[in-house]
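So my numbering is basically just the index in the sequence shown, starting at one, shifted up by 1. The beta-carbon is built from N, C-alpha and C at its ideal position, and this holds for glycine as well. It should be emphasised that the depicted structure is a prediction, and the values quoted were computed from it without experimental measurement. I have placed the structure first, in the form of structure tokens, so that the comments after it can refer back to it.
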Amino acid sequence: MSAFITPTPVHGSGLDLVSRIGELKKRHDAIILAHNYQIGEVQDVADFVGDSLELSRHAAATDHPVIVFCGVHFMAETAKVLSPGKTVLVPDLHAGCPMSDMISPEEVRRLRSLHPGAVVVTYVNSSAAVKAESDICCTSANAVRIVESIPAHQKIIFLPDQYLGDFVQRKTGRSLILYSGFCPTHVRIMASDIFRERKAHPDALVIAHPECPAPVAECADVVASTSRMAREVLASDKTEVIVGTELGMIHRLSRENPGKTFIPACQSCDCANMKVNSLEKILWALEDMAPEITLSPDVIAGARKALDRMLEIS
Ligand code: 13P
Ligand code: SF4
Numbered sequence: 002m003s004a005f006i007t008p009t010p011v012h013g014s015g016l017d018l019v020s021r022i023g024e025l026k027k028r029h030d031a032i033i034l035a036h037n038y039q040i041g042e043v044q045d046v047a048d049f050v051g052d053s054l055e056l057s058r059h060a061a062a063t064d065h066p067v068i069v070f071c072g073v074h075f076m077a078e079t080a081k082v083l084s085p086g087k088t089v090l091v092p093d094l095h096a097g098c099p100m101s102d103m104i105s106p107e108e109v110r111r112l113r114s115l116h117p118g119a120v121v122v123t124y125v126n127s128s129a130a131v132k133a134e135s136d137i138c139c140t141s142a143n144a145v146r147i148v149e150s151i152p153a154h155q156k157i158i159f160l161p162d163q164y165l166g167d168f169v170q171r172k173t174g175r176s177l178i179l180y181s182g183f184c185p186t187h188v189r190i191m192a193s194d195i196f197r198e199r200k201a202h203p204d205a206l207v208i209a210h211p212e213c214p215a216p217v218a219e220c221a222d223v224v225a226s227t228s229r230m231a232r233e234v235l236a237s238d239k240t241e242v243i244v245g246t247e248l249g250m251i252h253r254l255s256r257e258n259p260g261k262t263f264i265p266a267c268q269s270c271d272c273a274n275m276k277v278n279s280l281e282k283i284l285w286a287l288e289d290m291a292p293e294i295t296l297s298p299d300v301i302a303g304a305r306k307a308l309d310r311m312l313e314i315s
């Protein structure tokens with residue numbers, strides 16, 4: 002006799018799943034938001050696919066009472082903070098972000114006590130509790146603008162991504178107090194990967210995310226948020242593109258640019274957390290109306306201030 006338990010049957014074929022998700026979406030008046038790194042079929046079933054800033058704006062503006070957020074945990078928390086009266090469902094509660102886990106609220110308080118009077122600028126890749134301890138948030142799309150909006154005489158603590166912070170320092174000429182956080186996915190891309198692919202594809206456009214370390218960002222043609230990368234690729238007449246970011250990005254780029262070839266700079270630039278969501282889990286979330294993001298009113302109020310300041314500026 003087999004020692005294995007027969008798994009729960011999956012809910013049907015891809016097409017079947019999509020139509021059942023559609024029915025439940027209608028029944029609950031739900032909207033599906035997905036990040037640019039989600040697996041292809043999740044992007045394809047979503048009502049909107051975008052970067053962190055665009056997803057925050059959508060979450061804040063939507064009239065739908067239910068948001069199914071396909072991304073990682075901090076992004077769904079941001080949706081809840083910006084739309085606290087709505088039900089924010091996540092297909093898989095385990096979709097975390099290791100960079101976000103590198104900083105805690107206690108650590109923010111410790112840094113503030115070390116640098117009294119400094120403005121705390123926190124990348125949205127952080128928990129809602131960390132945002133609640135911060136003065137203003139930023140995303141990869143607006144980090145330069147946010148830092149430029151702070152008077153030159155004020156000290157700035159930039160959390161938690163040391164590479165995005167370093168990128169902002171080089172763009173603005175400001176000196177920031179940086180933290181040691183990083184994205185374990187983007188640090189896998191080496192400058193030598195870019196050199197190798199440029200040699201093989203000398204006419205290609207090279208795009209990279211500002212979470213990449215400086216030697217990679219410095220040799221890219223475009224360093225930008227995921228959605229700005231998509232816009233730059235669409236606008237470019239280059240037919241080959243070397244992609245210096247998470248591999249999921251290639252699905253959207255290929256869909257929007259059927260005549261172009263996309264070359265990953267690094268085959269292991271794969272964020273496992275972004276990949277745990279699936280059509281089955283979206284369906285189950287809509288069937289069960291769970292897992293749901295819940296946050297305390299204090300955390301919502303604190304994080305909201307830092308996010309609202311960001312949204313006013315960007
Ligand atoms: P974007 O805001 O540029 O989409 O980036 C989010 C992210 O987690 C990158 O690793
Ligand atoms: Fe976090 Fe990096 Fe994954 Fe983005 S790619 S969610 S920063 S681990």
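Pocket of ligand 2 (residues with CB nearer than 7 Å to any heavy atom), chain order: Every residue passing the under-7 Å Cβ criterion appears here: Tyr38, Val73, Cys98, Pro99, Met100, Ser101, Asn126, Cys184, Pro185, Thr186, His187, Glu212, Glu247, Cys272, Asn274, Met275.
Would the beta-carbon of Ser105 be found less than 7 Å away from any heavy atom of ligand 1? False, no ligand heavy atom lies under 7 Å from that Cβ.
Any heavy atom of ligand 1 closer than 7 Å to the Cβ of Ser141? At least one heavy atom of ligand 1 is found less than 7 Å from the C-beta of Ser141.
Less than 7 Å between C-beta atoms, sequence neighbours within five positions excluded: which residues of the same chain meet that for Lys87? Excluding sequence neighbours, Lys87 sits near Pro66, Val67, Ile68.
Spatial neighbours of Ser237 in its chain, beta-carbon cut-off 8 Å, leaving aside the 5 residues before and after: Residues of the same chain with a CB within less than 8 Å of the CB of Ser237, apart from the 5 flanking positions on each side, are Leu206 in chain order.
Tell me whether the beta-carbon of Glu1 lies closer than 8 Å to the beta-carbon of Ser128. This structure does not reach residue 1, given that the chain is present from 2 up to 315, and the question cannot be answered.
Look up Glu247 in the DSSP assignment and say whether it is helix, strand or coil. Coil at Glu247, not helix or strand.
Give every residue of the same chain whose Cβ lies closer than 6 Å to the Cβ of Asp271, excluding the five residues on either side of it in the sequence, and list them in chain order. Here the set comprises Leu248.
Give me, in chain order, the residues of the same chain whose beta-carbon lies closer than 6 Å to that of Val91; leave out the 5 immediate sequence neighbours on both sides. Short of 6 Å from the beta carbon of Val91, and not among the five residues preceding or following it, lie these beta carbons of its own chain, in chain order: Phe70, Ala77, Pro292.
In three-state DSSP terms, what is Glu257? Assigned with DSSP and collapsed to three states, Glu257 falls in helix.
Opening and closing residue of the alpha helix (DSSP H) in which Leu83 lies: It spans 74-83 - the alpha helix (DSSP H) in which Leu83 sits, taken as one unbroken run.
For the beta strand (DSSP E) holding Thr88, just list the boundary residues, first then last. Per DSSP, Thr88 belongs to the beta strand (DSSP E) from 88-90.
Can we count Thr63 as close to ligand 4, meaning its CB is less than 7 Å from some heavy atom? With respect to ligand 4, the structure shown offers nothing to examine, as its ligands consist of ligand 1 and ligand 2.
Reduced DSSP category for Asp45 - H, G, I as helix; E, B as strand; rest coil: If DSSP states are grouped into helix, strand and coil, Asp45 belongs with the helices.
Could you check where the alpha helix (DSSP H) with Ala130 kicks off and where it finishes? Its alpha helix (DSSP H) spans residues 129-133.
What's the C-alpha gap between Ala192 and Ala304? One C-alpha to the other measures close to 36 Å.
Using alpha carbons as the reference points, say which of Thr240, Glu288, Ala209, Leu179 lies closest to Val120. Minimum Cα distance to Val120 is reached at Leu179.
For a test of the three-state rule: what should DSSP assign to Phe183, helix, strand or coil? DSSP places Phe183 in coil when its eight states are reduced to three.
State the Cα-Cα distance for the pair Arg28 and Ala62, rounded to the nearest angstrom. Within the model, the alpha-carbon separation for Arg28 versus Ala62 is close to 20 Å.
Under 7 Å Cβ to Cβ from Ile294, same chain only, skipping five residues before and after it: list those, please. Correct list, in chain order: Ala77, Glu78, Lys81, Val89, Val91.
Along the beta strand (DSSP E) that carries Tyr124, what are the first and last residues, could you check? It spans 120-124 - the beta strand (DSSP E) in which Tyr124 sits, taken as one unbroken run.
When you compare only the Cα positions, how much space is there between Ile32 and Cys184? Distance between the alpha carbons of Ile32 and Cys184 is about 29 Å.
Relative to the C-alpha of Ala1, which residue among Val145, Lys200, Ile151 is closest? Absent from the structure is residue 1, since the part of the chain shown begins at 2 and ends at 315.
State the DSSP-derived secondary structure class of Asp162, mapped to helix, strand or coil. Strand, per DSSP.
Give the straight-line distance between the Cα atoms of Ser150 and Ile137, rounded to the nearest whole angstrom. Approximately 11 Å, taken between the alpha carbons.
Helix, strand or coil: which one does DSSP assign to Pro216? Of the three classes helix, strand and coil, the one that applies to Pro216 here is helix, per DSSP.
Give every residue of the same chain whose Cβ lies closer than 7 Å to the Cβ of Ile190, excluding the five residues on either side of it in the sequence, and list them in chain order. Apart from the 5 residues on each side of it in sequence, Ile190 sits with its Cβ closer than 7 Å to the Cβ of Cys213, Val217, Gly245, Ala266, Cys267, Cys270 in its chain, given in chain order.
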